[in-house]
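Here's the structure we're looking at; comments come further down.
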Amino acid sequence: MESTTLDEKATAGGEPAGKESKTTGTLDTRERRGHSERARAIISEIEAGRRTVGRIRELVDGDRGVHEVKHTDWFAVLEYAQDEADEELALYFESHHPDAPSTATVQALDDSGLWVLCAAVSERSGSSTTRVRRWDVEDEFRFSQPGDDAPDFVTVSEAKDRLRAFGDSI
Numbered sequence: 234m235e236s237t238t239l240d241e242k243a244t245a246g247g248e249p250a251g252k253e254s255k256t257t258g259t260l261d262t263r264e265r266r267g268h269s270e271r272a273r274a275i276i277s278e279i280e281a282g283r284r285t286v287g288r289i290r291e292l293v294d295g296d297r298g299v300h301e302v303k304h305t306d307w308f309a310v311l312e313y314a315q316d317e318a319d320e321e322l323a324l325y326f327e328s329h330h331p332d333a334p335s336t337a338t339v340q341a342l343d344d345s346g347l348w349v350l351c352a353a354v355s356e357r358s359g360s361s362t363t364r365v366r367r368w369d370v371e372d373e374f375r376f377s378q379p380g381d382d383a384p385d386f387v388t389v390s391e392a393k394d395r396l397r398a399f400g401d402s403i
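Letter by letter, the sequence shown follows residues 234 to 403 of my numbering.
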């Protein structure tokens, strides 16, 4: 696999609109795009009986709640995709709140699998990129409620496109 730099990775139809915000009670009219079809296919391809990947596939298929996925599963799936399918997947998350700046974040593994490359665009602070130890990110990557918003699994190129589109919309 060809080595990819942070800047190369990080620059850069889903759920119906009308979901009520848990924190403010206001209606969010933006449409969530959800997991990409290519990412779904890659996850199914690399499952091969692994419970780690199986939990994520069940989440992607809507058969498991985000709070039922182990915090280490997210990045394990990204690593399996890199190693076995020679595909780079990323986690994409958008946050929209009326009382806080909207943000979009992409997280992907570097080629070693030890570092998480993060790119973000925010209404308040613009764009940023960082590199964080994988285990530091995994330790904080927990969802406690069934209705918590989970990041979408997408390919790195789709993540770049979504991040660019988000930046253009704010």
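Positions of the beta carbon are idealized from the N, C-alpha and C atoms, including for glycine.
Inset, instruction - Could you check if glutamate 321 is buried or exposed, using at least 16 other CB atoms within 10 Å of its CB as the buried criterion? - result: buried
Legend entry - Beta-bridge partners of arginine 385, as assigned by DSSP: Arginine is not the amino acid found at residue 385; the sequence shown has aspartate there. Looking at the DSSP assignment, aspartate 385 forms a beta bridge with Tyr325.
Inset, instruction - Could you have a look at threonine 338 and say whether DSSP puts it in helix, strand or coil? - result: strand
Inset, instruction - Taking valine 354 as part of the beta strand (DSSP E), name the residues at either end of that continuous run. - result: 348 to 355
Legend entry - Opening and closing residue of the beta strand (DSSP E) in which threonine 362 lies: 359 to 366
Inset, instruction - Below 8 Å on the Cβ atoms is my guess for glutamate 373 versus threonine 305; work out the distance and round it to an integer in Å. - result: Incorrect: roughly 12 Å between the Cβ atoms, too far for contact.
Inset, instruction - Inspect the beta-carbon positions of alanine 314 and valine 389 and report whether they are closer than 7 Å. - result: no
Legend entry - Where alanine 274 falls, given that 16 or more other Cβ within 10 Å makes a residue buried: exposed
Legend entry - For aspartate 319 and tryptophan 307, the rounded distance between their alpha carbons: 17 Å
Inset, instruction - Give me the Cβ distance between arginine 364 and leucine 350, rounded to the nearest whole Å; I'm assuming they're in contact under 8 Å. - result: 6 Å
Legend entry - Pair within 7 Å by beta-carbon distance, arginine 290 and glutamate 301: no
Inset, instruction - Between the Cα of glutamate 356 and those of Leu324, Val293, Asp401, spot the shortest distance and give me the residue it belongs to. - result: Asp401
Legend entry - Contact under 7 Å by Cβ, alanine 309 with valine 387: no
Inset, instruction - Could you please give me the residues that DSSP links to alanine 333 through a beta bridge? - result: His330
Inset, instruction - With DSSP as the reference, label valine 302 as helix, strand or coil. - result: coil
Inset, instruction - Could you check the C-alpha separation between aspartate 261 and arginine 283 for me, to the nearest Å? - result: Residue confidence for aspartate 261 is low, a pLDDT of 43 falling below 50, so the modelled location carries little weight; the figure read from the coordinates is stated next. The alpha-carbon atoms of aspartate 261 and arginine 283 are separated by roughly 36 Å.
Inset, instruction - Please look up how many angstroms separate the CB atoms of alanine 337 and arginine 266, rounded, as I've assumed it's under 8 Å. - result: About 11 Å separates the two Cβ atoms, so there is no contact after all.
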